[in-house]
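So for the sequence shown, our numbering puts the first residue at 8; every next one is plus one.
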Amino acid sequence: MRVPLLCLSVLIALSGCTLAPSSRRVIEDDFVEEIDPAQREHAWDEIAELKSRIAGEPDNAELYRRLAVLYRLAGTPRSRLLSVEAIDKAIQLDSRDPRNHLEKGLTLLARRFIGEAEECFRRAVKIDPKHFEGWYQLGALEKTEYLKTMCFPDHLKNSIRYFRKANSLDRWDEDTLFNLGFLHMFRSMFRTARTYAYKAADIAPDNPRNYLLLGAIHVHFKKFDLAEHAFGTAFELMTAEERRAYEDVSLILPNDLRDLYLESSFEKIDEWNRKFWIEQDPTPSTELNERRLEHYARVFLANEIFTDKRLDLLGSSTDRGSATIKFGLPDKK
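Written out as structure tokens, the structure reads:
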């Protein structure tokens, strides 16, 4: 169920979109989650307190690193510049700590200095070849570069290689397993992708994205009963807002009906969706609707590939995401 050749040019023409760098959750107290804007005043209080401690311990590299983390996550252009200054001081005091180079890379990444960030991550894993986070971030960088156009397979191969290295250091990291499952799909290694996806779901059974990934893989294998179960599990774990992109059929409606659909109440939209999928069911004598499951898989891919967190854009709402939902991804030639 791939896009016809005549539609390939549509996706290529829409390939100019840039993506946000990959983000991940914190490991213990070395990294801190993105600070909500409402909490940033509190972050500045912590920064002031930490600066007071540094005044009494000016040779403590660890304090400078923690200060750099807080500056980075305060999320302003000025704070990111101060983060670089703080982490440079930490590196000056302790250049052999890979966490210092990693933190500098994360700050440079937040400032969109991609090449410089990559150099920092490489320096971290050179100092400590068993530094999990360094390998993870290298994998995430290569993944981002590949997904910009999906035209340069070396980025894909490198991303998988780095994530595999990270996985060898931490077999239980869900993010790494998910990324390995997701990326192997683009190498048409769907059995390998399925293995990683199942592992991710076993480790984090409450995370819907793992079941969305499994659902998309099952659709490829035409295991529609398994896909139905996987997507159903994912939707039960998602909020109504998160499910909306999957329930929305406006992109695959005729143009003359799209505006009417979008202007309808939620109740009318639900009824419209029900009738639409009845009409689009290729096997109405069975309980499964293969076309709807394929739609879910395309929405998942659109969101995973094209979502831009920096611009607060959901992938399915972008031009490239819309093309993917309508036509699927182009065949690899």
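A virtual CB, placed ideally from N, CA and C, is assigned to each residue, including glycine. Since we're looking at a predicted model, the values are computed, not measured.
What three-state label does DSSP hand D52 in the structure shown?
Here residue 52 refers to the residue found at position 45 when the sequence shown is read from its first residue. Reduced to three states, the DSSP call for D52 is helix.
Have a look at R32 and R250 and give me their C-alpha separation to the nearest angstrom.
Here residue 32 refers to the residue found at position 25 of the sequence shown. Here residue 250 refers to the residue found at position 243 of the sequence shown. Interpretation of R32 is limited by its pLDDT of 37, a score under 50 that renders its predicted location unreliable; the figure taken from the coordinates is listed afterwards. Spanning the two alpha carbons is a distance of roughly 23 angstroms.
Short of 8 angstroms in beta carbon distance, which residues of its chain neighbour F283, apart from the five on each side in sequence? Order them along the chain.
Locating residue 283 in the sequence shown gives position 276, counting from the first residue. Here the set comprises V256 and L260.
Only counting the same chain, and skipping five residues up and downstream in sequence, which positions put a Cβ closer than 7 angstroms to that of L70?
As a first step, residue 70 must be located in the sequence shown, where it is residue number 63. Once the five neighbours on either side are set aside, the close Cβ partners of L70 are L57, R60, I61 and E64.
At a cut of 8 angstroms, does the region 261 to 271 reach the region 200 to 217 through at least three beta carbon pairs?
Segments in contact, no.
Spell out the partners DSSP gives D315 in its beta bridges.
By 1-based counting over the sequence shown, the position of residue 315 is 308. L320, per the DSSP bridge assignment.
Quick check: what's the CA-CA separation for R342 versus E301?
Coverage of the chain is limited to positions 8 through 340, which leaves residue 342 absent and any answer about it impossible.
Return the chain-ordered list of same chain residues with a C-beta closer than 7 angstroms to the C-beta of N296, the five sequence neighbours on each side being excluded.
On the sequence shown, residue 296 is found 289 positions in, with the first residue counted as 1. For N296, where only same-chain residues beyond five positions count, the Cβ hits under 7 angstroms are W284 and D288.
Label R85 either buried or exposed according to how many other C-beta atoms from any shown protein chain fall within 10 Å of its C-beta, with 16 as the threshold for buried.
For this step, residue 85 is matched to residue 78 along the sequence shown. Exposed.
Which of the three DSSP states is assigned to D37 in this structure?
If you number the sequence shown from 1, residue 37 lands on position 30. Note that D37 scores 46 on pLDDT, short of 50, meaning its location in the model is unreliable; the coordinates nonetheless yield the value given after this. Here D37 sits in coil by DSSP.
Buried or exposed for C127, please, with buried defined as at least 16 other CB atoms from any protein chain shown within 10 angstroms of its CB.
To locate residue 127, count along the sequence shown from 1; it is residue 120. When all chains shown are included, C127 counts as buried.
What do you get for F159, buried or exposed, if any count of 16 or more other CB atoms within 10 angstroms of its CB means buried?
Counting from 1 along the sequence shown, the entry for residue 159 is found at position 152. Flag for F159 reads exposed.
Does the beta-carbon distance from A173 to G146 come in below 8 angstroms?
If you number the sequence shown from 1, residue 173 lands on position 166. If you number the sequence shown from 1, residue 146 lands on position 139. Yes, the pair counts as a contact, with Cβ atoms nearer than the cut-off.
Enumerate in chain order the residues of its own chain whose CB-to-CB distance from M192 is below 8 angstroms, with the five nearest sequence positions on each side excluded.
Here residue 192 is taken as the residue at index 185 of the sequence shown, counted from 1. Contacts found: A200, A223, I224 and H227.
CB-CB under 8 angstroms to R171, same chain, minus the five flanking residues each way: which ones, in chain order?
Here the question's residue 171 lines up with position 164 in the sequence shown. Correct list, in chain order: L187.
If we call anything under 8 angstroms between Cβ atoms a contact, is T331 one with R305?
Residue 331 sits at position 324 when you count from the first residue of the sequence shown. Residue 305 sits at position 298 when you count from the first residue of the sequence shown. It is a contact, given that the beta carbons lie within the stated cut-off.
Give me the residue from L220, Y218 and I312 with the minimum Cα distance to L163.
As a first step, residue 163 is located in the sequence shown; it is residue number 156 there, counting from the start. Nearest option by C-alpha distance: I312.
Looking only at its chain, what residues have a beta carbon closer than 6 angstroms to the beta carbon of F38, apart from the 5 residues adjacent to it on each side?
Within the sequence shown, the letter at position 31 stands for residue 38. Residue confidence for F38 is low, a pLDDT of 49 falling below 50, so the modelled location carries little weight; the figure read from the coordinates is stated next. Excluding sequence neighbours, F38 sits near nothing in its chain.
When you compare only the Cα positions, how much space is there between D110 and L219?
For the purposes of this step, residue 110 is taken as residue 103 along the sequence shown, with counting starting at 1. For the purposes of this step, residue 219 is taken as residue 212 along the sequence shown, with counting starting at 1. For clarity, residue 110 is Glu in the given sequence; the question names Asp instead. Cα to Cα, the separation comes out at about 32 angstroms.
Does DSSP classify M192 as helix, strand or coil?
Here residue 192 corresponds to residue number 185 of the sequence shown, with the count starting at 1. Residue state, collapsed to three classes: helix.
Once the 5 residues before and after R94 are set aside, which same chain residues still bring their CB inside 8 angstroms of it?
The residue given as residue 94 occupies position 87 in the sequence shown. First, the amino acid is wrong: residue 94 is Ile here, not Arg. Here the set comprises Y71, R72, A75, N107, E110, K111 and T114.
What do you get for H49, buried or exposed, if any count of 16 or more other CB atoms within 10 angstroms of its CB means buried?
Taking the sequence shown and counting its residues from 1, the one referred to as residue 49 is at position 42. Label assigned to H49: exposed.
Just to confirm, are D213 and L176 a CB contact at a threshold of 8 angstroms?
Stepping through the sequence shown from its first residue, residue 213 is reached at position 206. Stepping through the sequence shown from its first residue, residue 176 is reached at position 169. No, they are not a contact pair.
Rounded to a whole number of angstroms, what is the C-alpha to C-alpha distance between G328 and L336?
As a position in the sequence shown, residue 328 is number 321, starting the count at 1. As a position in the sequence shown, residue 336 is number 329, starting the count at 1. Taking the straight line from one Cα to the other gives about 10 angstroms.
For I98, tell me which candidate among I134, I167, W51 and L184 has the shortest Cα-Cα distance.
Along the sequence shown, one-based indexing puts residue 98 at 91. With distances taken between Cα atoms, I98 lies closest to I134.
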